[in-house]
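Single-structure report; data block below.
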Amino acid sequence: MTYGSTPNIDLANWTLKVFGSVENPIEFTWAQFLDLPWKMVEAPFHCVTQWSKLENTWEGVVFSDLISLVKPPKSARFVIVHCYGDYTTNIPIEALDDKLAILAHKHDGTVITPEHGWPIRLVVPERYGWKSAKWINAIEFVEEDKPGFWEIRGYHNNGDFWKEERFWPELS
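In terms of the working numbering, the sequence shown has 1292 at position 165, counting the first letter as 1, and numbering is strictly consecutive.
In structure tokens:
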């Protein structure tokens, strides 16, 4: 699912700001992001519109490596992902610290297209696709949860695929 139009992103000006409740806040340029250790992850993708693609190879920076780099305290239990177009989504930190969540630049050996989140998108295999935010420009570690764009519009706050958490029970 996409909210708004596909942004026109200039890599010369692109940055990824990682901030909030962390010991080491940082802002990466594209060149600095490319210098981080990259890995390949085999993981499924599940859309809330009831389709899944089970065999995917994602390539980029594993989110748990980013967590190790910025060092959030134990009290930072949530992450707010900020994207171009003012889109946000909230994710419990334990869903991102599992060696499968990845800041992906490639999918199945090909650079992700702008329509699918270029230059990087978050992929959280254990959550529905709206948690796998496109066009990321900031990652905020927080102590208190704050529902994002789709969550305040009725989508489930957690979005766990295995529990079929599509919509808030109170709103269904």
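All C-beta atoms, glycine included, are put in the ideal place defined by N, C-alpha and C.
Remember, predicted model here, so these are calculated numbers, not experimental data.
Cβ of residue i versus every heavy atom of the ligand SAM: is any distance shorter than 7 Å?
i, result
"Ala1158", "The ligand SAM is not part of this structure, which contains no ligands at all."
Would you call residue i buried or exposed, if buried means 16 or more other Cβ atoms sit within 10 Å of its Cβ?
i, result
"Ser1259", "buried"
"Ile1266", "buried"
"Lys1273", "exposed"
"Glu1253", "buried"
Check whether the Cβ atoms of residue i and residue j sit closer than 8 Å, and answer yes or no.
i, j, result
"Lys1233", "Glu1186", "yes"
"Arg1280", "Lys1261", "no"
"Val1238", "Ala1170", "no"
"Thr1148", "Pro1219", "Position check: residue 1148 holds Ser in this sequence, whereas Thr was assumed. Contact: no."
"Pro1152", "Phe1160", "no"
With distances taken Cα to Cα, identify the nearest neighbour of residue i among the options.
i, options, result
"Val1349", "Ala1222, Asn1183, Leu1163 and Ile1247", "Summary: the structure shown does not reach residue 1349, with the chain confined to residues 1128 through 1299, and so no result is reported for it."
"Asn1217", "Ile1229, Lys1144, Glu1278 and Ser1195", "Glu1278"
"Val1168", "Glu1270, Glu1242 and Asn1183", "Asn1183"
"Asn1140", "Val1251, Pro1219 and Asn1264", "Asn1264"
"Glu1150", "Thr1156, Val1250 and Lys1201", "Lys1201"
"Leu1143", "Lys1166, Trp1165 and Leu1193", "Leu1193"
"Ala1203", "Tyr1282, Gly1275 and Val1269", "Val1269"
"Lys1180", "Ala1158, Leu1138, Asp1235 and Phe1146", "Asp1235"
Under 8 Å by Cβ, that's how I've got residue i and residue j pegged, so tell me the actual separation to the nearest angstrom.
i, j, result
"Ile1229", "Val1197", "With 8 Å as the limit, Ile1229 and Val1197 do not qualify as a contact, their Cβ atoms being about 16 Å apart."
"Ser1191", "Asp1224", "5 Å"
The stretch 1131-1146 in contact with the stretch 1210-1217 per 3-pair CB rule at 8 Å: yes
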